[in-house]
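Note sheet for the following structure.
Number of protein chains: 2
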Amino acid sequence: MKITIIGGTRGLGNWIARFLKSKGFDVVITGRNKAEGENVSRKLGVTYLQDNVEAASHSDVTIVSVPIGVTTRIIKEVAPHVKEGSLLMDVTSVKEEPSEAMREFTPEGVDYLPTHPMFGPRIRSLDGQVVVLTPEEEVKKSRWYPKVLEFLEAENARVLVTSPGNHDRMMSIVQGLTHFSYISIAATIEKLGIDIKESRKFASPVYSLMLDMIARIVAQNPYLCYAIQTNNRYIGQTHEAFLETFLELKDMVAARDERDFVGAMSSAAKHLDDLEAALGRSDKAISALNQEVQLLKDSVGKEVGLRHIYSETTHVGRLKELSPDFAVLVRDENETRLKLSNVEVLSQAELVNWKLDNYPQKVYDVSAVFPESCNPSIIAETLMNLSNVVEASVVDVYTGKQVETGKKSVSIRYSVINPDARFEVENLLKGFGGVIR
Amino acid sequence: MKITIIGGTRGLGNWIARFLKSKGFDVVITGRNKAEGENVSRKLGVTYLQDNVEAASHSDVTIVSVPIGVTTRIIKEVAPHVKEGSLLMDVTSVKEEPSEAMREFTPEGVDYLPTHPMFGPRIRSLDGQVVVLTPEEEVKKSRWYPKVLEFLEAENARVLVTSPGNHDRMMSIVQGLTHFSYISIAATIEKLGIDIKESRKFASPVYSLMLDMIARIVAQNPYLCYAIQTNNRYIGQTHEAFLETFLELKDMVAARDERDFVGAMSSAAKHLDDLEAALGRSDKAISALNQEVQLLKDSVGKEVGLRHIYSETTHVGRLKELSPDFAVLVRDENETRLKLSNVEVLSQAELVNWKLDNYPQKVYDVSAVFPESCNPSIIAETLMNLSNVVEASVVDVYTGKQVETGKKSVSIRYSVINPDARFEVENLLKGFGGVIR
Chain C
1 MKITIIGGTR GLGNWIARFL KSKGFDVVIT GRNKAEGENV SRKLGVTYLQ
51 DNVEAASHSD VTIVSVPIGV TTRIIKEVAP HVKEGSLLMD VTSVKEEPSE
101 AMREFTPEGV DYLPTHPMFG PRIRSLDGQV VVLTPEEEVK KSRWYPKVLE
151 FLEAENARVL VTSPGNHDRM MSIVQGLTHF SYISIAATIE KLGIDIKESR
201 KFASPVYSLM LDMIARIVAQ NPYLCYAIQT NNRYIGQTHE AFLETFLELK
251 DMVAARDERD FVGAMSSAAK HLDDLEAALG RSDKAISALN QEVQLLKDSV
301 GKEVGLRHIY SETTHVGRLK ELSPDFAVLV RDENETRLKL SNVEVLSQAE
351 LVNWKLDNYP QKVYDVSAVF PESCNPSIIA ETLMNLSNVV EASVVDVYTG
401 KQVETGKKSV SIRYSVINPD ARFEVENLLK GFGGVIR
Chain S
1 MKITIIGGTR GLGNWIARFL KSKGFDVVIT GRNKAEGENV SRKLGVTYLQ
51 DNVEAASHSD VTIVSVPIGV TTRIIKEVAP HVKEGSLLMD VTSVKEEPSE
101 AMREFTPEGV DYLPTHPMFG PRIRSLDGQV VVLTPEEEVK KSRWYPKVLE
151 FLEAENARVL VTSPGNHDRM MSIVQGLTHF SYISIAATIE KLGIDIKESR
201 KFASPVYSLM LDMIARIVAQ NPYLCYAIQT NNRYIGQTHE AFLETFLELK
251 DMVAARDERD FVGAMSSAAK HLDDLEAALG RSDKAISALN QEVQLLKDSV
301 GKEVGLRHIY SETTHVGRLK ELSPDFAVLV RDENETRLKL SNVEVLSQAE
351 LVNWKLDNYP QKVYDVSAVF PESCNPSIIA ETLMNLSNVV EASVVDVYTG
401 KQVETGKKSV SIRYSVINPD ARFEVENLLK GFGGVIR
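If you're matching them up, the sequences are chains C and S in order.
According to full-length UniProt numbering, the first sequence holds residues 1 to 437 in order.
According to full-length UniProt numbering, the second sequence holds residues 1 to 437 in order.
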């Protein structure tokens with residue numbers, strides 16, 4: 001199946017191209033900049049075409065993934081030319097306008113499906129990610145619709161089907177209101193000249209996580225943020241409603257009207273869903289961050305494993321120093337300084353597994369004489385329970401001239417990471433009365 | 001040392017009374033409502049007095065813990081009467097006004113220390129909690145100041161020393177601005193009649209945690225929130241600055257002024273501190289929540305332990321059902337339905353430890369004959385490595401008439417939770433050629 005991503009050189013389009021390529025599809029990307037397009041196509045192992053219409057007219061599926069502001073124009077350009085029997089999709093953050101454009105410009109015999117993947121290009125798989133589809137009733141009966149559903153469900157995505165209008169209204173809150181007020185908070189802090197680093201010293205863990213979430217939103221792509229604010233037609237009324245609400249509350253504070261302020265705050269709280277659950281989940285998020293810090297504090301001077309959360313590189317060494325922001329690991333006299341916010345602490349089991357995968361293993365053979373009634377495979381299993389032993393198996397069992405009557409010689413081959421484990425192995429065998437040969 | 005908590009019957013005052021009592025201090029609480037005061041004093045095992053002045057005049061330390069709005073009045077009432085050589089403190093969320101009142105009304109020979117504990121009565125210890133002190137230079141040289149510091153540091157609190165003005169200015173952001181804008185967001189959602197539960201279906205994990213943090217703030221005590229908004233003299237200008245900023249951004253969106261909007265957003269982001277760290281920490285918080293859900297999904301049909309995050313009660317059973325909000329555990333045909341947001345999943349090690357503490361253990365003796373060269377304590381240690389064996393020790397070693405020459409009988413006492421583990425123990429002994437007697 002051939003799939004074209006219009007605007008597949010950057011951002012989410014690039015992510016989709018790479019993802020579909022990894023799933024075995026024949027992928028074509030387009031993009032205005034030819035040099036960039038050819039460069040990206042080489043990297044991803046996909047085809048690049050500069051001409052949107054040419055690409056769309058030869059594909060089974062065409063996905064429009066361009067900035068919101070030009071989505072409608074691109075749909076108008078491409079839709080009339082998509083191949084008969086094929087599928088046209090978009091992946092824009094607003095749904096009303098693109099849906100209308102697709103309805104108007106898609107020819108008879110072509111299916112279209114407006115889509116909003118609720119994630120950015122930082123994710124690694126579709127597992128657990130929300131994908132909103134806003135098909136018209138007719139589209140739901142089409143040939144392509146069940147195929148798309150099946151594909152998304154096989155990838156374990158959470159598919160949500162709704163109308164374009166309901167999508168845009170919800171998004172005016174989910175993205176529109178929260179983004180806009182968080183940006184306003186950050187810009188206010190800047191305007192007041194408050195030193196955020198200093199304010200964090202005053203901060204409870206709750207405030208700290210709150211500030212991290214604000215920073216996270218404000219650090220997003222500002223062009224995308226702007227495009228969402230300007231292309232969702234419900235956001236205007238959301239801005240108005242927020243302004244009105246803010247002024248009402250501000251007046252209550254200015255007028256020292258405790259009763260009304262308390263009433264408004266309680267009522268707003270009640271309107272949110274299950275507060276107890278929200279408290280529980282955020283408590284867990286905060287305590288996860290604290291627990292990790294505590295674990296590290298308890299590990300100074302000991303061996304730890306730290307995995308970088310983005311690159312997934314693991315660093316193992318003795319934790320020499322720990323500051324609120326950094327950890328210093330030492331291994332073979334090399335020091336590595338790691339930013340705590342970007343690393344996760346490995347559990348003991350993860351650390352052992354990492355070592356197994358990354359440290360060279362040494363293989364040894366040992367033979368010991370036991371009473372003839374012994375069971376060699378239980379002996380091997382017991383050795384494997386030693387924490388430093390990776391693998392152990394019986395390679396030979398011998399009764400005969402060289403062994404006393406009523407006895408049996410058992411040979412076991414085992415591998416260890418740390419050669420010192422040989423003493424542990426031999427001690428265990430001798431402990432049960434085995435005689436090492 | 002006798003410590004009086006003025007307003008020790010409720011909220012943070014109640015928490016301080018309980019905490020100091022547990023540290024061995026002689027604690028007195030006061031409160032306007034006599035019946036409530038006597039009831040609380042019985043529960044906490046502390047003394048109740050209705051008269052603030054009487055309590056303060058006989059104590060070594062007096063801590064004013066009353067609503068912000070009445071703090072200054074209570075300081076004026078109590079300060080002139082505190083015992084010579086004693087210490088007066090307050091624990092209010094604003095610091096300028098109480099500091100001025102203490103400076104004015106505390107008599108010669110009495111130390112005073114304005115304090116703001118940055119936590120609520122939900123915490124269990126001072127470990128890692130921020131406590132802000134705003135002492136004047138003279139107070140820093142006083143007899144009491146180093147004692148308070150020493151006490152807080154011994155409890156592992158994070159002490160921050162600053163001026164009352166700087167404290168209030170920081171708090172106008174840390175609490176004032178964030179609380180106020182979060183309440184405005186929630187009230188706007190209510191005003192627009194948006195169904196929050198439905199909006200969560202559209203939500204990425206980021207939005208979900210963001211909403212939880214908003215709910216967490218809005219679900220706070222509205223009277224305390226109101227008091228902070230009205231008693232911090234910097235908050236007025238914060239409201240004005242926010243309003244101005246919001247209107248500027250709103251106008252940029254209305255005027256379709258992309259350049260200015262993008263500029264303002266980027267500049268605000270730059271003004272926040274280390275964005276990469278904020279991203280890393282919030283990614284970790286989100287992934288901690290996701291990992292737990294994944295762990296539970298993988299455990300359906302298996303035995304799990306779930307600990308309630310507030311009551312710390314642990315429930316162990318077979319995970320029969322899992323919905324997005326609930327888990328159903330079955331044990332001995334009893335079903336327990338638990339809200340996921342309020343429970344943590346125990347690790348395998350925690351589950352084993354919990355069972356050791358909570359399930360009855362059975363003790364068994366076993367004797368086996370081994371070659372005389374064996375080492376009985378290594379045999380006992382090896383048995384203890386079996387996952388179902390809790391404890392194992394050598395109780396007897398015998399060589400003599402009843403045992404073949406060159407052999408030794410080793411008796412071991414071991415305890416297990418699951419009686420089936422007896423077979424494992426005997427199999428291991430036999431596996432090494434031991435003969436069970």
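Beta carbons are placed, not taken as given, at the ideal position from N, Cα and C, and that holds for glycine.
- With respect to V53 of chain C, V64 of chain C sits apart: the two C-beta atoms are not nearer than 8 angstroms.
- The beta-carbon distance between K284 of chain S and I123 of chain C, rounded to whole angstroms, is 15 angstroms. This is too long to meet the 8 angstroms contact definition.
- V304 of chain C and Q294 of chain C have their C-alpha atoms spaced approximately 13 angstroms apart.
- Around the C-beta of N290 of chain C, fewer than 16 other C-beta atoms lie within 10 Å, and the residue is accordingly described as exposed.
- The beta-carbon of S323 of chain C is placed no less than 8 angstroms from the nearest beta-carbon of chain S.
- When 9 angstroms is used as the limit between beta carbons, Y398 of chain C is near no residue of chain S, the shortest such separation being about 15 angstroms.
- At a cut-off of 8 angstroms between beta-carbon atoms, V206 of chain C makes contact with chain S.
- Look at V395 of chain C: its C-beta is not under 8 angstroms from any C-beta on chain S.
- Under the rule that a run must span 4 or more residues, the alpha helix (DSSP H) segments found entirely inside the segment 37 to 111 of chain S read 52 to 57, 68 to 78 and 96 to 105.
- Going by DSSP, D26 of chain C is part of the beta strand (DSSP E) stretching over D26 to T30.
- Contacts with chain C at 8 angstroms (Cβ-Cβ) include Q229 of chain S.
- The CB of N427 of chain C comes closer than 7 angstroms to the CB of I378 in chain S, given here in chain order.
- When DSSP states are grouped into helix, strand and coil, L346 of chain C belongs to the coil group.
- Sequence-distant Cβ neighbours of P117 of chain S in its own chain, meaning closer than 6 angstroms and more than five residues away, are V91 and V131.
- Comparing alpha-carbon positions, the option among C:V253, C:Y182 and C:R233 lying closest to Y223 of chain S turns out to be C:V253.
- L160: these are the residues of the segment 133 to 161 of chain S whose beta carbon lies less than 7 angstroms from some beta carbon of chain C, given in chain order.
- Selection S:E155, S:L338, S:A368 and S:R331 evaluated against S323 of chain S yields S:L338 as nearest (Cα-Cα).
- The beta carbon of T178 of chain C falls within 8 angstroms of a beta carbon belonging to chain S, placing the residue at that interface.
- Under the Cβ criterion of 8 angstroms, V70 of chain S is not counted among the residues facing chain C.
- Cβ proximity to chain C below 8 angstroms picks out A187, T188, I189, E190, K191, L192, I194, I196, K197, E198, S199, R200, K201, F202 and A203 from the segment 187 to 203 of chain S.
- Spatial neighbours of E292 of chain S in its own chain (CB-CB distance under 6 angstroms, excluding positions within 5 residues in sequence) are listed in chain order as V345.
- Contact annotation, V61 of chain S with M1 of chain S: C-beta distance approximately 7 angstroms; criterion of less than 8 angstroms satisfied.
- When Cβ-Cβ separations below 8 angstroms define contact, K320 of chain C makes no contact with chain S.
- In terms of beta-carbon proximity, V253 of chain C lines the interface with chain S, with at least one pair separated by less than 8 angstroms.
- At a cut-off of 8 angstroms between beta carbons, L272 of chain S contacts chain C.
- Out of S:I5, S:S93 and S:M89, the CA that lies nearest to the CA of Q50 of chain S is found in S:I5.
- The criterion of a C-beta distance shorter than 8 angstroms is not satisfied by A368 of chain C and L319 of chain C.
- DSSP places D420 of chain C outside both helix and strand once states are collapsed to three, so it counts as coil.
- Separation of the CB atoms of T9 of chain S and V28 of chain S is rounded to 12 angstroms, and the pair is thereby denied contact status at 8 angstroms.
- Not flagged as an interface residue toward chain C: I412 of chain S, since no C-beta distance is shorter than 8 angstroms.
- Within the segment 84 to 118 of chain S, the residues whose Cβ lies closer than 9 angstroms to any Cβ of chain C are, in chain order, H116 and M118.
- With the criterion set as a beta carbon lying under 7 angstroms from some beta carbon of chain C, the members of the segment 292 to 316 of chain S are I309, in sequence order.
- Residues of the segment 10 to 41 of chain S with a C-beta less than 7 angstroms from any C-beta of chain C: none at all.
- Counting along the chain, no alpha helix (DSSP H) covers K23 of chain S, and no H or E run does either.
- Within the same chain, Cβ atoms closer than 6 angstroms to the Cβ of E97 of chain C are found at T72, the five residues on either side in sequence being excluded.
- Collapsing the DSSP output to three states places G433 of chain C in coil.
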